[in-house]
Each structure stands twice: as structure tokens, then as C-alpha cells.
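Trainee: Residue numbers (the working numbering): 648 to 851.
Quick one: structure below, then a few questions.
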């Protein structure tokens, strides 16, 4: 059952990564955060972005993160068997991450949806940019993920679990460090999926 849960969690992050791409790519190109400084670039990219595409990306993405939440719970409970305090902290950190990242996912999609809906004018860009800035606190979700990953890494590296120490490579941090310099989209979701898939073969 544990392996199945971890594979479902990995699938959730893969799906969420796909929805991130749905928000970032249109027939006209790829959206980069630096593009918000130039409305002409924004207009070019979002002129072919479908509102239904953005709506689907938001809704499916939240469901995908719900799928992934079970994996974080399962890993936390696994760690509880070795260290109740660390496992409990990981569980709280994971839920902090899932709740806020779900909100952040929807807010990002909403910003794009309203930009397109409001006609992609300079005023539209300013309005949605102000909205995004005022709700950016949701990005604090990554603090929860970092706490979860660091504690997991420490527990495995120190031999505090029944996992082999070298299983520490199956961690979001290690894969993200590899992907960070690249232009691969949805890096975080790929790194999280990597962690779940790898641990699925080692956790009993």
C-alpha cells in the first residue's frame, strides 16, 4: 500500500507539472516572469492563451496536489516510526506546503486569467501584477517543503531510518539542484516526483 501511495503522489506532481506548463506555454511562446516588464511581450504570449486552458490548469492542478499530499503524509508517518518528533514536524511542514502551494497555484492561474479577460492592456497588467504582489505570501509554501526535505535528508543520511544512507539521493533537494541551472519547465514538480518514485522502491 505504501508503494502505491508514493506512486500516486509522484503522479500527482507529474500532473501538476503539466498544469504549470499549461499556464506557462501558449502557441505564441513561453511566459517568463521577466516578461511582466513589457506588456507587448505579454500580449504576444497570452493572445493565444485560452481561458479554458487556464481554468483547467488551476482546477486539475489543485486536484493533483491533493493526490500528492498522501505521499507526504505517508513519508512523515514512516519517519515517525524512527523519530516521533521529527516525523510530526515533517507532517506539519508538508501540510503547510500543500495548503499554501494549492492557493499559490490558483492565484497564479487567476492572475493570468484576469489579464486575458481584461483585454491584456497596460492597466490590466498593472492590476494583476498588484494583485499577485499582494498575495505572494502564499509562496511561503516552499518553506514547508524545504523543512520537510531537509529533515528527511538528515534522517536518511544519519542512518536514523532503516533506509540505506545512499537512498538520500531520492530527495527533492538533490534533484532540484541538478535541474535548477537548466531551462526544464516545472522543475519543482519533477524533483518531487523523483523523490516519491525513488523512495517507493526502498520503503517497506
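C-beta: ideal position from N, C-alpha, C; glycine also.
1) Suppose the cutoff is 6 angstroms on Cβ atoms and the five residues either side in sequence are ignored; what does the same chain contact list for residue 740 look like?
2) Just the Cα atoms here: how many angstroms apart are residue 824 and residue 679?
3) Mind checking whether the beta-carbon of residue 716 lies closer than 7 angstroms to any heavy atom of the ligand MG?
4) From what residue to what residue does the alpha helix (DSSP H) around residue 827 run?
5) Would you kindly work out how many angstroms separate the C-alpha atoms of residue 721 and residue 737, rounded to a whole number?
6) Have a look at the DSSP bridge pairing and note the partners of residue 676.
7) Take residue 822 as the anchor and find which of 812, 842, 808, 807 has the nearest alpha-carbon.
8) Does the stretch 724 to 735 come within contact of the stretch 795 to 810, defined as at least 3 CB pairs closer than 8 angstroms?
9) Run the CB neighbour count on residue 695, radius 10 Å, all protein chains shown included, and call it buried at 16 or more, exposed below.
10) Could you tell me whether the stretch 708 to 720 touches the stretch 661 to 670, using the rule of 3 or more Cβ pairs below 8 angstroms?
11) Determine the closest residue to residue 752 out of 815, 699, 708, 833, with distance taken between C-alpha atoms.
12) Rounded to the nearest angstrom, how far is the Cβ of residue 673 from that of residue 693, given a contact under 8 angstroms?
13) Assuming residue 653 and residue 846 make a contact with CB atoms under 8 angstroms, what is their CB distance in whole Å?
14) Under a Cβ-count criterion, where at least 16 other Cβ atoms within 10 Å of its own Cβ denotes burial, should residue 766 be classed as buried or exposed?
15) As a quick exercise: from 757, 819, 837, 683, pick the residue whose alpha carbon is nearest that of residue 782.
16) DSSP state of residue 728, grouped into three classes?
17) Mapping the DSSP letters down to three states, classify residue 685 as helix, strand or coil.
18) I need the DSSP call for residue 854, collapsed to helix, strand or coil.
19) Give me the residue from 705, 701, 685, 670 with the minimum Cα distance to residue 769.
Mentor: In short:
1) 791, 794, 795
2) 20 angstroms
3) As for the ligand MG, it is missing from this structure, which has no ligand bound.
4) Neither: residue 827 is in no alpha helix (DSSP H) and is coded neither H nor E.
5) 11 angstroms
6) 673
7) 842
8) yes
9) exposed
10) yes
11) 708
12) 6 angstroms
13) 6 angstroms
14) exposed
15) 757
16) coil
17) coil
18) It is not possible to answer for residue 854, since the shown part of the chain is limited to 648 through 851.
19) 685
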